[in-house]
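Shown next, in structure tokens, is the structure this report addresses.
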Amino acid sequence: MKIAVYPGSFDPITNGHLDIIARGAKVFDEVIVVVLVNVDKKGLFKVEERVELIKRVTKEFSNVRVEFFNGLLVDFMRQKKATVILKGLRAVSDFEYEFQMALMNNKLDPEVETVFMMTNAQYSYLSSSAVKQVAKFGGCIRELVPDEIIVDIISRIKGE
Ligand code: PNS
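Everything in the sequence shown is counted per this note's numbering, starting at 722 for the first residue and increasing by one.
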């Protein structure tokens, strides 16, 4: 059974993330989406909330699980007996950051391989940070994130 782990901050999940999850679920027997702590980012949603939002929008996929882990990705991978990290690549600008993380993870655990999927061109401009900015200034986030979580994002940004 080939398990892929799809890691990220997911603050919040976007349609770009969801596209990678859907495609990953076709390629691998199981995809474990894991919300990890990125020490460089301050969160809009608590990690437990991010997990709940991701579960809500991935419930149609029988081979997708969602978890939270506070620690190194490679330690999570060992716990799950998984060796494949799934990542999406949007543009050349992502490459350096992703290249560094893939090499670091492989250095920490040589069994671990990172597999990149090219993002759907439709989502190449999309990021969680951009979604938060658009929402903060009253722009429309429909088509950027799944419909089921639009209200959660707008309410949180408004501080409700
Ligand atoms: O969505 P992001 O913020 O680009 O995801 C980055 C993330 C969370 C995958 C990365 O920060 C991470 O793996 N954090 C866990 C700590 C870790 O394992 N770091 C080593 C890789 S450099």
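Using N, Cα and C, we set each Cβ at its ideal position, and we do this for glycine too.
Source: prediction; values computed, not measured.
Hey, how far is the Cα of residue i from the Cα of residue j?
i, j, result
"Glu817", "Tyr844", "19 Å"
"Thr779", "Pro867", "10 Å"
"Val756", "Lys767", "10 Å"
"Asn791", "Lys879", "28 Å"
"Thr735", "Arg777", "13 Å"
"Arg811", "Lys723", "24 Å"
"Val813", "Lys801", "31 Å"
"Glu773", "Val833", "27 Å"
"Ser848", "Lys828", "27 Å"
"Lys857", "Ala851", "10 Å"
"Val787", "Met798", "14 Å"
"Met838", "Leu739", "12 Å"
"Pro831", "Ile875", "42 Å"
How about residue i and residue j: do their beta carbons lie closer than 8 Å?
i, j, result
"Leu794", "Asn841", "no"
"Ile871", "Leu807", "no"
"Leu765", "Arg863", "no"
Excluding the five sequence neighbours on either side, which residues of its own chain have a C-beta within less than 6 Å of the C-beta of residue i, listed in chain order?
i, result
"Ala725", "Gly745, Phe749, Val752, Val805, Leu807"
"Pro728", "Val755, Leu757, Leu794"
For residue i, which residues in the same chain have their Cβ closer than 8 Å to its Cβ, ignoring the five residues on either side in sequence?
i, result
"Ala743", "Phe782"
"Val855", "Cys861, Ile862, Leu865"
Please return the same chain residues whose Cβ sits closer than 7 Å to the Cβ of residue i, not counting the five positions on each side in sequence.
i, result
"Asp873", "Leu774"
Would residue i pass as an interface residue toward chain B - the criterion being a Cβ-Cβ separation below 8 Å?
i, result
"Met838", "No chain B is part of this structure, which consists of one protein chain only."
Along the chain, which unbroken stretches of the beta strand (DSSP E) at least 3 residues long are found entirely within the stretch 807-846?
834-839
Runs of 3 residues minimum, wholly inside the stretch 737-769: which ones carry the beta strand (DSSP E) assignment?
751-757
Who's in the neighbourhood of ligand 1, going by beta-carbon under 5 Å from any heavy atom, listed in chain order?
Pro728, Gly729, Ser730, Leu757, Asn759, Leu793, Leu794, Met822, Met825
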